[in-house]
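There are 2 protein chains.
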Amino acid sequence: MTIPVERVSRPGRVAEPGEGIGIDELRLAGRNHAMPLEMLRAELTPPGLHYVLTHYDVPDVDAATWRLDLGGEVEHPISLSMADLTAMPSRTVRVTLECAGNGRAGLSPRPVSQPWLTGAVGTAEWTGVPLRDLLADAAPTGSAVDVVFTGHDHGFERGVEQDYARGLSLAEADADDVLIAFAMNGAPLPAQHGFPARLVVPGWYGMAHVKWLRSITVIDHPFDGYQNAAYRLRQQPDDEGVPVTRIEPRALLMPPGDPDFMSRDRVLRPGPVRLRGRAWSGWGGVTRVEVSTDGGATWRDAALGPDEHRWAWREFTLDWEAGPGEHLLRARAHDATGRVQPVEPAWNRGGFTNTADDPVRVVVLDG
Amino acid sequence: MTIPVERVSRPGRVAEPGEGIGIDELRLAGRNHAMPLEMLRAELTPPGLHYVLTHYDVPDVDAATWRLDLGGEVEHPISLSMADLTAMPSRTVRVTLECAGNGRAGLSPRPVSQPWLTGAVGTAEWTGVPLRDLLADAAPTGSAVDVVFTGHDHGFERGVEQDYARGLSLAEADADDVLIAFAMNGAPLPAQHGFPARLVVPGWYGMAHVKWLRSITVIDHPFDGYQNAAYRLRQQPDDEGVPVTRIEPRALLMPPGDPDFMSRDRVLRPGPVRLRGRAWSGWGGVTRVEVSTDGGATWRDAALGPDEHRWAWREFTLDWEAGPGEHLLRARAHDATGRVQPVEPAWNRGGFTNTADDPVRVVVLDG
Numbered sequence: 001m002t003i004p005v006e007r008v009s010r011p012g013r014v015a016e017p018g019e020g021i022g023i024d025e026l027r028l029a030g031r032n033h034a035m036p037l038e039m040l041r042a043e044l045t046p047p048g049l050h051y052v053l054t055h056y057d058v059p060d061v062d063a064a065t066w067r068l069d070l071g072g073e074v075e076h077p078i079s080l081s082m083a084d085l086t087a088m089p090s091r092t093v094r095v096t097l098e099c100a101g102n103g104r105a106g107l108s109p110r111p112v113s114q115p116w117l118t119g120a121v122g123t124a125e126w127t128g129v130p131l132r133d134l135l136a137d138a139a140p141t142g143s144a145v146d147v148v149f150t151g152h153d154h155g156f157e158r159g160v161e162q163d164y165a166r167g168l169s170l171a172e173a174d175a176d177d178v179l180i181a182f183a184m185n186g187a188p189l190p191a192q193h194g195f196p197a198r199l200v201v202p203g204w205y206g207m208a209h210v211k212w213l214r215s216i217t218v219i220d221h222p223f224d225g226y227q228n229a230a231y232r233l234r235q236q237p238d239d240e241g242v243p244v245t246r247i248e249p250r251a252l253l254m255p256p257g258d259p260d261f262m263s264r265d266r267v268l269r270p271g272p273v274r275l276r277g278r279a280w281s282g283w284g285g286v287t288r289v290e291v292s293t294d295g296g297a298t299w300r301d302a303a304l305g306p307d308e309h310r311w312a313w314r315e316f317t318l319d320w321e322a323g324p325g326e327h328l329l330r331a332r333a334h335d336a337t338g339r340v341q342p343v344e345p346a347w348n349r350g351g352f353t354n355t356a357d358d359p360v361r362v363v364v365l366d367g
Numbered sequence: 001m002t003i004p005v006e007r008v009s010r011p012g013r014v015a016e017p018g019e020g021i022g023i024d025e026l027r028l029a030g031r032n033h034a035m036p037l038e039m040l041r042a043e044l045t046p047p048g049l050h051y052v053l054t055h056y057d058v059p060d061v062d063a064a065t066w067r068l069d070l071g072g073e074v075e076h077p078i079s080l081s082m083a084d085l086t087a088m089p090s091r092t093v094r095v096t097l098e099c100a101g102n103g104r105a106g107l108s109p110r111p112v113s114q115p116w117l118t119g120a121v122g123t124a125e126w127t128g129v130p131l132r133d134l135l136a137d138a139a140p141t142g143s144a145v146d147v148v149f150t151g152h153d154h155g156f157e158r159g160v161e162q163d164y165a166r167g168l169s170l171a172e173a174d175a176d177d178v179l180i181a182f183a184m185n186g187a188p189l190p191a192q193h194g195f196p197a198r199l200v201v202p203g204w205y206g207m208a209h210v211k212w213l214r215s216i217t218v219i220d221h222p223f224d225g226y227q228n229a230a231y232r233l234r235q236q237p238d239d240e241g242v243p244v245t246r247i248e249p250r251a252l253l254m255p256p257g258d259p260d261f262m263s264r265d266r267v268l269r270p271g272p273v274r275l276r277g278r279a280w281s282g283w284g285g286v287t288r289v290e291v292s293t294d295g296g297a298t299w300r301d302a303a304l305g306p307d308e309h310r311w312a313w314r315e316f317t318l319d320w321e322a323g324p325g326e327h328l329l330r331a332r333a334h335d336a337t338g339r340v341q342p343v344e345p346a347w348n349r350g351g352f353t354n355t356a357d358d359p360v361r362v363v364v365l366d367g
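Heads up: the protein sequence lines correspond to chains F and L, in order. So the first sequence is residues 1 to 367, counted in the UniProt record's numbering. So the second sequence is residues 1 to 367, counted in the UniProt record's numbering.
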């Protein structure tokens, strides 16, 4: 009896209209986790509260024997131990990281994959060695085109067995602030965030930030591996599609008041409330955030906090007089490149980059 | 217009037959998270991988101003700062913690709440001050009956506004190894695990281990607060029910081989495999684990690892010759009190203590 891989690993699909979340999506939702939205109160998200998406299993990597090999189309191949890596000059960059699939569960029909609502985000300070320094040491040859980053995580996906691997162009890899990171918020990487070292590509969606990094290979042609092919915006499975790259602008409100356990709706008493939230874009700084307290009928400009960290979210606040009744709170961001967070979702088959907001339902009691 | 609390916080319900996971359950599944099952490889679960269930929001507690007040029916009320607490003699206990709702999503019909499959578990070393020592200092009066533990987390649940609070009898509270814990695996508690201090009641389901603890009140009558009323095994909403207390025996297999991203099914090549897992019970030590590689048709006894930590899980292993084809792996635990993990779920309205296993589907390729 021949057992083909397709027996266990099937093509992607889109849910039927009205089809509830299935057991496969629930398995992913149970292992991975969003940032609880109340953590928008903190500029830096602690691990355990920062979102996590793991494609396969969290691998068990031994830092004592770990090595990072940089080879391929380079004059001087490099192989580094953890001691070598951490002895090099390093820098710390504050980065907002978001899953490309954040918002997927809000699409209709729903692409069947990790069913994120809107919390697949977090901001941390990543410390590591600039990739640019390693590339300068390795000296890519004149035929270098793409740089491929491969992790220790191994599995099957839509019928393809693979080590998780992603490619960037040489120019994208050689950009400012791209790091081989070995610390998160000042501590060694937690296992689920790529221990002992990972790639950090500020401004890009999470799929680019390869965890449990083990090799960097410079190649003389565009990388056509599974993950680069998968993360594309398509209407039909056979479309060529458009690559998912930088993070689209999004504003997220910290839900005010107290939650109901089951619905996560919020309860307030009447009176003044300072609404708070954070907004970000991987394309350019956040220049404007609009907030609606009436479900989108009218919008007001929020006050913006300092804009000191190019790759991190920016705080916004709006004072609101909460009167008795039910209210739907919404927010949307604009960035310096002129991109505006859309009010309606733009559907694609992979369920990527859906920045349509998920309004916060608030019930203000009489007193 | 009068806005009643019922507008936001509704009674519990059971899903219709065939009803998929809804948006409310998905909101909970996104914020809370299970332990990824590959972490069964580790005796101690790091935070971020250890399961977390938060009823309301993760509160923002300042350790510098935090106090723990122990009062009520005592001769000598106590109020402690963090400095006071951490200066007292402390001990470290290794404890397997499991959510009482673990397995809920496997019930049919499904009680609508946090939709756990089987991973709502983890094991950590908790360091803290024995509650017995604090109670001895406070000296409960002769009229003491129950001890009520109240956290800083506040919200609404099934129509009731509340601070999270749970009661234990004086005898249960005064037991060996009950701790006011301020460290997890040797580090300060992470926010989501109750920073700066929480209750740990070894052997009990998670609802008893009150996080973000702020007061301990000895009362002269049985505590009838919401959470003690909610965590009961009932067939109908009006049943008196049976309290959920200690953890029922469960064995959990570490899925072998490599995962498929979407289904979490496992892929192996033919040959010998050492199956591994961990089993636990809050009633007594694990004395036997049976493993089936044919979906439950036949069972073999697994080898048991050392049993050195009374309140922590025990490792088990079974050598298996994996032949090509599809296999369903299962495991079940027995404990020293004679309790046996049932093969079929015992339904109750709250979806508690469902220890029926979730078989691991394995596809062994031809080579």
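Just so you know, even glycine gets a beta-carbon here, dropped at the ideal spot from N, CA and C.
Would you kindly work out how many angstroms separate the C-alpha atoms of residue 376 of chain F and F:Gly350, rounded to a whole number?
-> This structure cannot settle anything about residue 376 of chain F, because the visible part of chain F is limited to 1 through 367.
Cutoff 7 angstroms; reference residue 368 of chain F; Cβ partners in own chain excluding five residues on either side | Nothing in the structure corresponds to residue 368 of chain F, since chain F is present only between 1 and 367.
Touch check for the stretch 238-256 of chain L and the stretch 211-218 of chain L: three-plus C-beta pairs under 8 angstroms?
-> no
Distance, F:Ala279 Cα to F:Thr96 Cα = In the first sequence, the residue the question calls residue 96 of chain F occupies position 96. In the first sequence, the residue the question calls residue 279 of chain F occupies position 279. Using only the alpha carbons, I get a separation of about 10 angstroms.
Going along chain L in order, which residues have a C-beta closer than 7 angstroms to the C-beta of F:Leu213?
-> Stepping through the first sequence from its first residue, residue 213 of chain F is reached at position 213. What F:Leu213 touches in chain L: nothing, since even the nearest Cβ is about 19 angstroms away.
Proximity winner among L:Arg269, L:Pro306, L:Pro202, relative to L:Ala124 (alpha-carbon distances) = Mapped onto the second sequence, residue 124 of chain L falls at position 124. Out of L:Arg269, L:Pro306, L:Pro202, L:Pro202 has the C-alpha closest to the C-alpha of L:Ala124.
Compare the C-alpha of L:Arg310 against each of L:Thr92, L:Pro17, L:Val147, L:Ala297 and name the closest.
-> Working through the second sequence from its first residue, we reach residue 310 of chain L at position 310. Out of L:Thr92, L:Pro17, L:Val147, L:Ala297, L:Thr92 has the C-alpha closest to the C-alpha of L:Arg310.
Are there 16 or more other CB atoms within 10 angstroms of the CB of L:Gly119, so buried, or fewer, so exposed?
-> The count along the second sequence starts at 1 and reaches residue 119 of chain L at position 119. Buried is the call here.
Short-range partners of chain L found in the stretch 51-63 of chain F, where Cβ spacing is below 8 angstroms | Val52, Thr54, His55, Tyr56, Asp57, Val58, Asp60
Cβ of F:Pro324 within 8 angstroms of any chain L Cβ = Counted from its first residue, the first sequence places residue 324 of chain F at position 324. It does; some Cβ of chain L falls within 8 angstroms.
Checking contacts by CB at 8 angstroms: is L:Leu233 closer than that to chain F?
-> Start at 1 with the first residue of the second sequence, and residue 233 of chain L comes out as number 233. Not closer than 8 angstroms to any Cβ of chain F, the Cβ of L:Leu233 fails to qualify, so no.
Exposure label - L:Val242; buried when at least 16 CB within 10 Å | In the second sequence, the residue the question calls residue 242 of chain L occupies position 242. L:Val242 is exposed by the Cβ-count criterion.
Identify which residue in F:Gly186, F:Glu326, F:Ala312 has its Cα closest to the Cα of F:Arg361.
-> Here residue 361 of chain F is taken as the residue at index 361 of the first sequence, counted from 1. Nearest C-alpha to F:Arg361: F:Glu326.
Return the residues of the stretch 188-201 of chain F that lie within a Cβ-Cβ distance of less than 7 angstroms from chain L, sorted by chain order.
-> Pro190, Ala191, Gln192
So, F:Tyr56 versus F:Val160, is the Cβ gap smaller than 8 angstroms?
-> For the purposes of this step, residue 56 of chain F is taken as the residue at position 56 of the first sequence. For the purposes of this step, residue 160 of chain F is taken as the residue at position 160 of the first sequence. Against a cut-off of 8 angstroms, the Cβ pair of F:Val160 and F:Tyr56 comes out as no contact.
Using a C-beta cutoff of 8 angstroms, does L:Pro237 count as contacting chain F?
-> In the second sequence, residue 237 of chain L corresponds to position 237, counting from 1. No, no contact with chain F.
Under the three-state reduction of DSSP, which class applies to L:Met184: helix, strand or coil?
-> In the second sequence, the residue the question calls residue 184 of chain L occupies position 184. Here L:Met184 sits in strand by DSSP.
Does DSSP classify L:Ala15 as helix, strand or coil?
-> To locate residue 15 of chain L, count along the second sequence from 1; it is residue 15. In this structure, L:Ala15 counts as coil in the three-state DSSP scheme.
Opening and closing residue of the beta strand (DSSP E) in which L:Gly122 lies = Numbered from 1 along the second sequence, position 122 holds the residue referred to as residue 122 of chain L. Start and end: 121-130.
Verify the CB distance criterion: does F:Ser113 have a CB-CB separation below 8 angstroms to chain L?
-> As a working mapping, residue 113 of chain F is identified with position 113 in the first sequence. It does; some Cβ of chain L falls within 8 angstroms.
Answer with buried or exposed for L:Asp60, where buried requires no fewer than 16 other C-beta atoms within 10 angstroms of its C-beta.
-> Translated into positions along the second sequence, residue 60 of chain L becomes position 60. L:Asp60 should be labelled exposed.
Check the Cβ of L:Gly119 against every Cβ in chain F and list those closer than 8 angstroms, keeping chain order.
-> Start at 1 with the first residue of the second sequence, and residue 119 of chain L comes out as number 119. In chain order: Gly30, Arg31.
Partner residues on chain F for L:Leu268, Cβ-Cβ distance less than 7 angstroms | The count along the second sequence starts at 1 and reaches residue 268 of chain L at position 268. By Cβ distance, chain F contributes nothing, its closest Cβ being about 10 angstroms from L:Leu268, past 7 angstroms.
At a cut of 8 angstroms, does the stretch 282-290 of chain L reach the stretch 18-26 of chain F through at least three beta carbon pairs?
-> no
DSSP state of L:Gln162, grouped into three classes?
-> Your numbering for residue 162 of chain L matches position 162 in the second sequence. Residue state, collapsed to three classes: strand.
Note the first and the last residue of the continuous alpha helix (DSSP H) segment covering L:Thr86.
-> Translated into positions along the second sequence, residue 86 of chain L becomes position 86. Where L:Thr86 is concerned, the enclosing alpha helix (DSSP H) stretches over 82-87.
Determine the extent of the alpha helix (DSSP H) in which L:Leu26 is found, giving its start and end residues.
-> Your numbering for residue 26 of chain L matches position 26 in the second sequence. 23-31 is the extent of the alpha helix (DSSP H) around L:Leu26.
With a cut-off of 8 angstroms, does the C-beta of F:Ser9 fall near any C-beta of chain L?
-> Within the first sequence, the letter at position 9 stands for residue 9 of chain F. So yes, F:Ser9 belongs to the interface.
Show which residues of chain L have a CB atom less than 7 angstroms away from the CB atom of residue 393 of chain F.
-> In the structure displayed, chain F extends from 1 to 367; residue 393 of chain F sits before or after that span and is not available.
L:Ile343, buried or exposed, once every other Cβ within 10 Å from all chains shown has been counted against 16 | Locating residue 343 of chain L in the second sequence gives position 343, where the first residue counts as 1. One point to set straight first is that residue 343 of chain L is Val, not Ile, in the sequence displayed. The residue in question, L:Val343, is exposed, as its Cβ has fewer than 16 Cβ neighbours within 10 Å.
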